[in-house]
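This report concerns only the one structure given below.
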Amino acid sequence: MEATKENVQRSETQSTERIAQDLPKRDELLLTPDEQRIKEAFQDHNWNEIKTADSWVIFKVMAEFVEGFDKLAKIGPCVSIFGSARTKPDNPYYKMTEEIAAKLVRHGYGVITGGGPGIMEAGNKGAFEQGGKSVGLNIKLPFEQHSNIYIDPDKSINFDFFFVRKVMFVKYAQGFVVMPGGMGTLDELFEAITLIQTRKIARFPIVLVGRTYWQGLIDWITNVMLNQEHNINPEDMKLISIVDTPTEAVKVIDEFYSKYLLKPNF
1 MEATKENVQR
11 SETQSTERIA
21 QDLPKRDELL
31 LTPDEQRIKE
41 AFQDHNWNEI
51 KTADSWVIFK
61 VMAEFVEGFD
71 KLAKIGPCVS
81 IFGSARTKPD
91 NPYYKMTEEI
101 AAKLVRHGYG
111 VITGGGPGIM
121 EAGNKGAFEQ
131 GGKSVGLNIK
141 LPFEQHSNIY
151 IDPDKSINFD
161 FFFVRKVMFV
171 KYAQGFVVMP
181 GGMGTLDELF
191 EAITLIQTRK
201 IARFPIVLVG
211 RTYWQGLIDW
221 ITNVMLNQEH
231 NINPEDMKLI
241 SIVDTPTEAV
251 KVIDEFYSKY
261 LLKPNF
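End of the sequence shown sits at 266 in the UniProt record's numbering; the numbers just go up one at a time, nothing left out.
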């Protein structure tokens, strides 16, 4: 009888120990993906884990650069169009983007977009329907992003890494047209401005389309960053043009290159 009691107690103790050991694992299963990433950032890893993981990432980054360089090296003069993936086809800015892309093609340029829906789709559609070069640099995301149908099959590239994708936007563009957008659009806009400001790339034209959308941002940059805090130079403001129509947008780019007696040679 006593042996039976001991066996029961031992079994209960072992069961309690197993539950205690499993609790952290169960807690981990309840974590959201973001919480899991935060937790992993604070975990210690041995050298072999670090080396293996980092080596694999390096090869993936290299592969994306190689594919991008290989596909885009001979596309000729192009303009990158940035803007929101959430813009619907009945939005006036969608229609304006189509028209801008079509005009750019008729003036000899190809069009580069992020390859997704919204403004990106409008840009590729306008270029595609005019028979121009239509490039799509798609990024793999859990929401919003999927490739649109107006990208040239040989000029569609999928990226895992935002920074590789941004290199392609900048390296192979002779100008930037920025439509209304969200955080990603602002990121791409300020990336281009920073690279020009620091002379890491040539001074290509940057055109913001939609004065009512962008004017508040430009006023803040002028009043606070420039006049109040002196964190930029007055010359930096000359890097940006604000327009309201597709004709004005394309005219800024044409006039910029006409100063150098340059024109697209498609």
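Even for Gly, the Cβ is constructed at its ideal location relative to N, Cα and C.
Exercise for the section: Could you tell me which uninterrupted beta strand (DSSP E) segments, each at least 3 residues in length, are contained entirely in the stretch 192 to 216, listed from first to last along the chain? Expected result: 206 to 209
Practice task
Would you please state the rounded distance, in angstroms, between the beta carbons of leucine 137 and phenylalanine 161? I believe it to be under 8 Å.
Solution key: In fact, because the Cβ distance is near 11 Å, the residues do not count as touching under 8 Å.
Exercise for the section: Enumerate in chain order the residues of its own chain whose CB-to-CB distance from glutamate 188 is below 6 Å, with the five nearest sequence positions on each side excluded. Expected result: Phe82
Problem - Nearest to serine 258 (by Cα), restricted to the options Glu235, Thr245 and Phe204 - result: Phe204
Practice task
Give me the Cα-Cα distance between glutamine 174 and isoleucine 139, rounded to the nearest whole angstrom.
Solution key: 22 Å
Handout entry: Alpha carbon of valine 252 to alpha carbon of tyrosine 109, nearest angstrom
Key = 14 Å
Practice task
Measure from the alpha carbon of phenylalanine 113 to the alpha carbon of each residue in His107, Thr198, Ala85 and Met96, then state which is nearest.
Solution key: One point to set straight first is that residue 113 is threonine, not phenylalanine, in the sequence displayed. Residue Ala85 is the option with its Cα nearest to threonine 113.
Handout entry: As assigned by DSSP and simplified to three states, the class of residue 273
Key = Missing from the structure shown is residue 273; the chain here goes from 1 to 266 and no further.
Exercise for the section: Give a yes or no on whether the C-beta atoms belonging to proline 246 and proline 77 are separated by under 7 Å. Expected result: no
Exercise for the section: Compare the beta carbon distance of valine 164 and glutamate 64 with 7 Å and say whether it is the shorter of the two. Expected result: yes
Practice task
Grab the span of the alpha helix (DSSP H) containing glycine 126 for me, first residue to last.
Solution key: 119 to 129
Handout entry: Test item: CB-CB of glycine 210 and proline 180 under 7 Å
Key = yes
Exercise for the section: Tell whether a beta-carbon distance below 7 Å holds between alanine 101 and glycine 123. Expected result: yes
Handout entry: Helix, strand or coil at phenylalanine 82 according to DSSP, with G and I counted as helix
Key = strand
Handout entry: Three-state class that DSSP yields for serine 55 in the structure shown
Key = helix
Exercise for the section: Can you grab the Cα-Cα spacing for the pair asparagine 231 / asparagine 223, in whole Å? Expected result: 11 Å
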